[in-house]
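To start, the structure itself, in structure tokens.
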Amino acid sequence: MLITCPYCGPRDVIEFTYQGDGNRERPDPASQNFEAWNAYVYDRLNPAGDHNEIWQHSGGCRTHLRVVRNTLTHEISSVAFMRGDHGRGDHGSAARRKAEDKS
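In structure tokens, the structure reads:
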């Protein structure tokens, strides 16, 4: 499976680390609501089809990415930075345009 990092370009999945479900909302860190924390830690959906995920390019630029991946086919329909371009200035924008031109 290839993931196209907006900064580095297409890379093998071995360079990335799965960070979790991109749809989950973390409870307030100051919360002592046991049920909310229990649901956050243990309750998982197992969707079939497109799924929002968080990945880190741990073997490359170390950027956190928001990936939309089909859980049935493993086809990736979109990849974006979690937060803007992580202060990479024009390099991030140029690399993103270069990656889009290749596809």
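First residue of the sequence shown? That's 1 in full-length UniProt numbering, and the numbers climb one at a time after it.
Don't be surprised by glycine CBs; every beta carbon is placed ideally from N, CA and C.
Here the region 56 to 64 makes contact with the region 8 to 20; the two share three or more CB pairs at distances below 8 Å.
In this structure, N70 keeps its C-beta atom at 8 Å or more from the C-beta atom of N23. Within the DSSP bridge table, the entry for G20 names I54 as partners. Per DSSP, the continuous beta strand (DSSP E) segment holding N70 begins and ends at H64 to N70. Nearest Cα to M82 within the set L72, T73, H74 and V67: V67.
One alpha carbon belongs to I3, the other to V79, and they sit about 8 Å apart.
Residue state for A30 is assigned as coil, using DSSP reduced to three classes. Just measuring C-alpha positions, the residue of T73, L65 and E75 sitting nearest D21 is L65. Judged by beta-carbon spacing, P27 lies within the 8 Å limit of Y40, meaning their Cβ atoms are closer than that value. Remark: C-beta atoms of L72 and A36 do not approach each other more closely than 8 Å.
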